[in-house]
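At position 189 of the sequence shown the residue is numbered 188 (numbering that gives the first Met the number 0), and the sequence of numbers has no breaks.
Note that the Cβ used here is the ideal one computed from N, Cα and C, for glycine as well.
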Amino acid sequence: MNDNDSFKFCGKLLGAGHPAFLVAEIGFNHNGDVELAKRMIESAAKNGADAVKLQTFVASEMISMSLLADDPDHPGNEIPFYEFFQRYELSRADYKDLIAYAGKLNIPLFSTPFDDASLDMLVELGMPALKIASPDLTYTPFLERAAETDLPVVLSTGMGNEKEIGEALHALRKASSVILLHCVSKSFPVVARNSMSCSM
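This is how it looks when you write it as structure tokens:
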């Protein structure tokens with residue numbers, strides 16, 4: 000992209016000379032509660048966000064079944080780590096509900112899929128774009144599947160070097176457009192000296 004290029008993302012033009020595009024990241028901070036997710040979407044719309052984003056996953060596909068973690072509800076006990084994430088899963092019906100709700104508020108909703116089933120569901124439900132998380136930067140088959148949807152793809156680049164980012168862009172070459180998102184993925188929030196903003 001050069002300084003004269005612009006492209007459409009979630010209904011708005013992006014590029015030089017266009018306003019910044021603000022995405023309200025909900026992730027899975029809705030705690031698996033659809034009504035809380037709706038309140039977050041409403042707040043984002045009221046406060047000027049251009050879009051809202053969720054994270055979509057099947058916990059048993061994303062986390063090893065043998066990995067254990069501290070049980071937040073019972074200190075001193077351990078639970079399978081995937082059970083922790085299961086609490087934050089939303090169903091297909093939940094996503095349909097949230098997409099319709101966001102539509103009523105005129106704010107686009109898109110999501111980060113973390114597995115093939117989630118990617119397929121988001122596409123089937125008519126998501127306007129996909130976001131690929133930093134841990135999947137080098138997961139070439141997943142990137143190629145995302146590109147084949149012909150949707151715009153936002154690609155996080157945390158922990159990636161130039162070679163890996165270049166290979167990811169090659170894997171996404173069939174996508175309708177690709178937006179690189181500069182990420183550090185070291186800590187949140189990142190301190191300025193670790194931001195590596197010179198690589199943008």
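Nearest-angstrom Cα distance between residue i and residue j?
i	j	result
L13	F20	7 Å
A201	V51	Any answer about residue 201 is impossible in this case: the structure gives the chain only from 0 up to 199.
M0	S198	Per-residue confidence for M0 stands at a pLDDT of 48, beneath the threshold of 50, marking its modelled position as unreliable; the derived number appears in the next sentence. So the two alpha carbons sit approximately 16 Å from each other.
A44	R91	23 Å
P71	E60	21 Å
G125	T156	25 Å
K7	S176	9 Å
S194	I178	19 Å
I25	N105	17 Å
S100	K11	Strictly speaking, residue 100 in this sequence is Tyr, with Ser absent from that position. Whole-angstrom Cα-Cα distance: 20 Å.
P112	A132	8 Å
Y94	G75	35 Å
E34	S42	12 Å
C182	V22	15 Å
P79	D32	21 Å
K103	H17	25 Å
Over the uninterrupted alpha helix (DSSP H) stretch that includes residue i, give me the two end residues.
i	result
S117	D115 to E123
L97	R91 to K103
L35	V33 to K45
I164	E161 to A170
S194	Run containing S194: none; DSSP gives neither H nor E here.
M158	Taken as a continuous stretch (DSSP letters only), M158 belongs to no alpha helix (DSSP H), as it is neither H nor E.
E60	A58 to M61
Tell me whether the beta-carbon of residue i lies closer than 8 Å to the beta-carbon of residue j.
i	j	result
D114	F27	no
K173	E147	yes
E88	A58	yes
L108	L154	no
R144	L121	no
A36	L97	yes
G159	L136	yes
L67	E77	yes
A191	C9	no
Quickly, what does DSSP pair residue i with across the bridge? List them, please.
i	result
F8	K11
S110	L53 and L129
E77	D69
Could you check where the beta strand (DSSP E) with residue i kicks off and where it finishes?
i	result
S155	V152 to S155
P140	Note, P140: premise wrong, no beta strand (DSSP E); alpha helix (DSSP H) at T139 to E147.
A23	V22 to G26
V177	V177 to L180
Evaluate the contact criterion for the segment 137 to 146 versus the segment 83 to 99: three or more CB pairs, one atom per stretch, below 8 Å.
no
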